[in-house]
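J.: Supplied in structure tokens, the structure appears directly below.
In this note's numbering, the protein residues as written are 171 to 314.
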């Protein structure tokens, strides 16, 4: 049952440029949104598109498997000016909503092959690892 469900965000590696996935549709008039949270706790809702149908963002009104993707816009901050520069973006949920006139019984949805296109480039310099959580704990520890 859903009583034991615990929400857990999925941290995405690097600077995320795009999230790509496959969705199976059964011609229901439903829409999909992807929810993200940045390192400051700000929430963002983005609507994916299909490569062949960009005029209906988020629509899963089709039959069979289709590839969908969402580009991560530059206004979602994923880096800071201080070390460490990388600031993680997290995937918090994928939401499906229905058109008000669509039936809601016997609806099934399948997702597959979720991929993240990311920039993992980091500048390496003498002492770059001094800001890693492991190194900070090793140096400063908790004193326990």
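Quick reminder that beta carbons are idealized off the backbone N, C-alpha and C, glycines included.
#1: For residue 190, which of helix, strand or coil comes out of DSSP?
#2: Give the straight-line distance between the Cα atoms of residue 266 and residue 198, rounded to the nearest whole angstrom.
#3: Between which two residues does the alpha helix (DSSP H) carrying residue 307 extend?
#4: Tell me, to the nearest whole angstrom, how far the beta carbon of residue 260 is from that of residue 210; I am working on the premise that it is less than 8 Å.
#5: Please report the residue range of the beta strand (DSSP E) in which residue 174 lies.
#6: Comparing C-alpha positions only, which one of 307, 288 and 309 sits nearest to residue 184?
#7: What does the alpha-carbon distance come out to for the pair residue 173 and residue 258?
#8: Cβ atoms of residue 236 and residue 193: under 8 Å apart, would you say?
#9: Inspect the beta-carbon positions of residue 179 and residue 233 and report whether they are closer than 8 Å.
#10: Please find out if some non-hydrogen atom of the ligand PLP comes closer than 7 Å to the beta-carbon of residue 237.
T.: In short, the structure shows the following:
#1: strand
#2: 11 Å
#3: 303 to 310
#4: About 11 Å; that fails the 8 Å criterion.
#5: It is not in any beta strand (DSSP E) - residue 174 carries neither H nor E in the DSSP assignment.
#6: 288
#7: 29 Å
#8: Their beta carbons are under 8 Å apart, which means residue 193 touches residue 236 by this criterion.
#9: It is not a contact, given that the beta carbons lie outside the stated cut-off.
#10: The model depicted lacks the ligand PLP and carries no ligand whatsoever.
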